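In this note's numbering, the protein residues as written are 109 to 695. Worksheet: one structure, shown below.
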RNA sequence: GCGCCCGUAGCUCAGUGGAUAGAGCAGCGGAUUUCUAAUCCGCUGGUCGUUGGUUCGAUCCCAACCGGGCGUGCCA
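Here it is, written out as structure tokens:
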């Protein structure tokens, strides 16, 4: 990765030029904002000149002189432009050398993390007896992608699906199970039937307090360990997980664990007692709460909220006045488990932005209990409906996640059918499945996770533009060349590579930047950086493909172009794989 | 009331201290004796919500305001 190498060289140039950089100053090299300025650029001279109160251009010239010696093997040109930018243009030999490395390296040139960590990724978390809907798209795909990226970089990743299997909804479901369950329907589609039962009872309970009381009684019996209710609950969990497993398989997502909320039931009471005993939590209005301990500035304290001119307590409740436990209690017990049993260095929570305060409180409470593990809330915005309003789980009318995927596959199938590439029926089916699934995943992952976005069938399922099919097509084009090659394969290991054409150069440079990109993803937990990169790579490859015939070329040009195709092929496959997207050899 | 997030081209969205703010879609015009045209090349399109401030330099940082969303003691 040239960015890191150039940064080191810049540091060396400072020393060579006898420039004493102030404490804490580290020069930064970034990919050039515009190709006409070169390949990489640095504003180090301007930043430093400001601190040293000297002329930025003069300082830049001084650094440049040193750089030219230090970077002789990498750069063919280093210039000082504008107010004092240092611009680097890489030499063709350095790019060719890098290309040779990318096509033989198992990680396509991406270095492993300097300090591997054990990371628990908490994502997806659907509820039992409810179908996965579009609202689960963000957590599920972002979480899966981040887990893949972390693994790729050499971290030890544990994925844990913290399913909602212990909510108050079970009072109604159990009552419904006992009185109006349709066994046939349950066999056909368990979740659908459980939802129907829940909705029916819920409507009745709203209209009739007597029904509501019965449901509450069923819930209490469940919580007290009543054998029959426990049996019904277990069956609901089993049936739902069975169906969820099918969805995850279709999405090519797997979890190491499915430790739902109920897994921590026995830990909740002791946890609260412990926190009371240690003075971390106190009783207030009958509930057990965690209040501010005054160790933080009020504006940074998650247990305080401003009201007029004073600060008011915003407690985190861990036990209700009726003795029941909450989300926060379970989360604290879950943290204990992950730290104790898994020795997690980090825990990532891929959960929507509205729960920001909740996590700030839970993390702060855990820290007060002595938890040193780094916990990160990887928040994301909402998916909005076509009207621009919250895409909420309105009673009834939710779009199921599986239906979205199926619709997408159906549209992909139509596109595949209309093109007639001589594929067999099975091939077409497989291609449609891969493209359809990829389209939905890419639509999500190419989005900045923090911003809200509009759910649109047309955009999500479009096979044109900045979409998965565009990227897959680039990959397919790399593969078709190797299929057409006489003998089927070619040994590029010792080939002499010479980069001459602008399109070759642009592609070689872009390929080398895969390393930078993958490295950057985890800095802010943003898979869309990778999606953006892959789109640019596909674009660069398509341009190269139009400009530079591969099989018709001869000698070193042919070997170089084959190497570029091989590099593009590897990086596209690896990159899409990190987004959880499978590739296809033909389409 | 207070807190957090958001406001960028007709639409959907990237970019977040740097050099003339980008892309896709839509619109217009080209390219196919070809390694997959699900492609490429070009054109059109912007007071980066408003007003101030900091800076050599602000879409980005700070303040205020306008508009939208979410959250704010016993749901998850």
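Yeah, the Cβ is synthetic: ideal placement off N, Cα and C, and Gly gets one too. None of the values given here were measured: they were computed from a predicted structure.
Put simply, the segment 175-195 does not touch the segment 654-670. Fewer than three CB pairs are less than 8 angstroms apart.
The Cβ atoms of residue 264 and residue 224 lie closer than 8 angstroms to each other. Taking the CA atoms as reference points, residue 431 sits about 12 angstroms from residue 391. DSSP lists 396 and 433 as the beta-bridge partner residues of residue 427.
Setting aside the 5 residues that flank it on each side, residue 157 is surrounded in the same chain by 164 and 167, each with a C-beta closer than 6 angstroms to its C-beta; the list follows chain order. Here the segment 320-331 does not lie against the segment 296-308, with fewer than 3 beta-carbon pairs under 8 angstroms apart. Judged by DSSP secondary structure, residue 349 falls within the alpha helix (DSSP H) whose first and last residues are 335-359.
Here the C-alpha atom of residue 675 lies approximately 40 angstroms from the C-alpha atom of residue 493.
Sequence-distant Cβ neighbours of residue 557 in its own chain, meaning closer than 8 angstroms and more than five residues away, are 246, 250, 486, 487, 488, 489, 633, 634, 635 and 636. In the three-state DSSP reduction, residue 227 falls in the strand class (E or B). Using a Cβ-Cβ distance cut-off of 8 angstroms, the segment 289-301 and the segment 358-373 are not in contact, since fewer than three pairs of beta carbons, one from each stretch, lie closer than that value. The continuous beta strand (DSSP E) containing residue 483 extends over residues 482-486.
Taking a contact as a CB-CB distance under 8 angstroms, the pair residue 152 and residue 118 counts as one, their CB atoms being some 6 angstroms apart. In the DSSP assignment, residue 285 falls within the alpha helix (DSSP H) that extends over 277-288. Three or more beta-carbon pairs separated by less than 8 angstroms are not found between the segment 439-455 and the segment 403-415, which leaves the two stretches without contact. Take the alpha-carbon of residue 273 and the one of residue 528: they are about 47 angstroms apart. Counting the other CB atoms within 10 Å of its CB gives residue 146 a total of 16 or more, which places it among the buried residues. With respect to residue 584, residue 693 sits close: the two C-beta atoms are nearer than 8 angstroms. Between residue 203 and residue 617 the beta-carbon gap is near 6 angstroms, inside 8 angstroms, which marks them as a contact. Straight through space, the alpha carbons of residue 399 and residue 677 are spaced by roughly 55 angstroms. In this model, residue 173 and residue 133 are separated by some 20 angstroms (Cα to Cα). Cβ-Cβ separation between residue 280 and residue 620: approximately 58 angstroms, too far for a contact (criterion under 8 angstroms). In this chain, the alpha helix (DSSP H) harbouring residue 668 covers 663-686.
In the DSSP assignment, residue 183 falls within the unbroken beta strand (DSSP E) covering 183-189.
Here residue 589 has 658, 659, 670 and 673 as same chain residues with Cβ atoms under 8 angstroms from its own Cβ, once five neighbours each way along the sequence are excluded.
The Cβ atoms of residue 393 and residue 429 lie closer than 8 angstroms to each other.
Three or more Cβ pairs closer than 8 angstroms define a contact, and the segment 254-268 falls short of that threshold against the segment 513-528.
Looking at the DSSP output, residue 561 shares a beta bridge with 491. DSSP, read as helix, strand or coil, puts residue 363 in coil. In this structure, the alpha-carbon of residue 311 lies about 23 angstroms from that of residue 243. Look at residue 660 here: in three-state DSSP terms it is coil, with no helix or strand label.
Remark: C-beta atoms of residue 442 and residue 426 do not approach each other more closely than 8 angstroms. Taking 8 angstroms as the upper bound for CB-CB distance, residue 652 and residue 612 are in contact here, some 7 angstroms apart. In this structure, DSSP gives residue 544 a helical state, which the three-state scheme calls helix.
Cβ-Cβ separation between residue 549 and residue 688: approximately 6 angstroms, consistent with a contact (criterion under 8 angstroms). By a beta-carbon distance limit of 8 angstroms, residue 440 contacts residue 474. Their separation comes to about 6 angstroms.
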